[in-house]
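Visitor: In the numbering used here, the protein residues as written are 1 to 146.
Set out below in structure tokens:
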């Protein structure tokens with residue numbers, strides 16, 4: 001069983017996807033985009049966290065059994081080496097055919113799109129930046145001048 005991605009800023013959507021992927025098999029290997037790959041895919045300001053830190057955080061999760069870092073823009077080469085029975089991706093890919101799907105099916109593997117937690121994406125989290133998600137409470141005691 002394998003899944004993959006950038007996992008640049010780990011969030012609840014990532015955790016839900018990883019936990020759902022792990023339930024599909026006996027072990028979960030995460031194929032992690034290297035820093036160079038993330039920059040090509042997401043732009044020059046990414047990744048926020050380097051590949052060593054991202055791999056360490058992922059490996060610390062109970063649902064993750066191993067992490068493999070790959071430098072290509074898609075995981076096909078790493079998948080061909082690993083040959084998992086199941087390749088799972090987050091449902092944010094919708095109905096689009098994943099470029100790696102024919103490869104996985106070629107050795108009899110299954111491709112599974114997992115449920116997506118709405119509003120949970122690294123891009124949207126970074127876009128919000130320092131904007132607070134809740135409005136600060138106003139003080140009950142306001143000073144007035146006359």
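From the three backbone atoms N, C-alpha and C, an ideal C-beta is built for every residue, glycine too.
Looking only at its own chain, which residues have a Cβ that is under 8 Å from the Cβ of residue 107, when we skip the five neighbours before and after it?
Guide: Your numbering for residue 107 matches position 107 in the chain shown. If we look at residue 107 and ignore the five residues flanking it on each side, its Cβ neighbours are 83.
Visitor: Where residue 7 and residue 49 are concerned, what is the direct C-alpha to C-alpha distance, given to the nearest angstrom?
Guide: Here residue 7 refers to the residue found at position 7 of the chain shown. Here residue 49 refers to the residue found at position 49 of the chain shown. Distance between the alpha carbons of residue 7 and residue 49: 9 Å.
Visitor: Does DSSP put residue 5 in a helix, in a strand, or in coil?
Guide: In the chain shown, counting from the first residue as 1, residue 5 sits at position 5. Reduced to three states, the DSSP call for residue 5 is strand.
Visitor: Which residues in the same chain as residue 22 place their Cβ atom closer than 6 Å to its Cβ, once the five residues preceding and following it in sequence are excluded?
Guide: Within the chain shown, numbered from 1, the residue matching residue 22 stands at position 22. 28, 63, listed in sequence order.
Visitor: What is the DSSP secondary structure of residue 69, reduced to helix, strand or coil?
Guide: Numbered from 1 along the chain shown, position 69 holds the residue referred to as residue 69. Reduced to three states, the DSSP call for residue 69 is strand.
Visitor: Would you kindly report the start and end of the unbroken alpha helix (DSSP H) that includes residue 79?
Guide: Looking up residue 79 in the chain shown gives position 79. From DSSP, the alpha helix (DSSP H) with residue 79 extends over 76 to 82.
Visitor: When the distance is taken between beta carbons, is residue 31 closer than 8 Å to residue 156?
Guide: Nothing about residue 156 can be read from this structure; the chain reaches only from 1 to 146.
Visitor: Rounded to a whole number of angstroms, what is the C-alpha to C-alpha distance between residue 71 and residue 13?
Guide: Start at 1 with the first residue of the chain shown, and residue 71 comes out as number 71. Start at 1 with the first residue of the chain shown, and residue 13 comes out as number 13. The alpha-carbon atoms of residue 71 and residue 13 are separated by roughly 23 Å.
Visitor: Which partner residues does residue 30 have in the DSSP bridge list?
Guide: Taking the first residue of the chain shown as position 1, residue 30 is located at position 30. DSSP, once it has assigned bridges, lists 3, 67 as partnering residue 30.
Visitor: Pick from 90, 110, 35: whose alpha carbon is nearest that of residue 16?
Guide: Along the chain shown, read from residue 1 onward, the residue named residue 16 stands at position 16. Among 90, 110, 35, the Cα nearest to that of residue 16 is on 90.
Visitor: Compare the Cα-Cα distances from residue 42 to each of 81, 86, 9, 78 and report the closest residue.
Guide: Position 42 of the chain shown, counting from 1, holds the residue named residue 42. Nearest option by C-alpha distance: 9.
Visitor: Quick check: is any heavy atom of the ligand PLP less than 7 Å from the C-beta of residue 70?
Guide: With respect to the ligand PLP, the structure shown offers nothing to examine, as it has no ligands at all.
Visitor: Can you tell me the Cα-Cα spacing of residue 38 and residue 52, whole angstroms?
Guide: Position 38 of the chain shown holds residue 38. Position 52 of the chain shown holds residue 52. Distance between the alpha carbons of residue 38 and residue 52: 13 Å.
Visitor: In whole angstroms, give me the CA-to-CA distance for residue 36 and residue 26.
Guide: The count along the chain shown starts at 1 and reaches residue 36 at position 36. The count along the chain shown starts at 1 and reaches residue 26 at position 26. About 31 Å.
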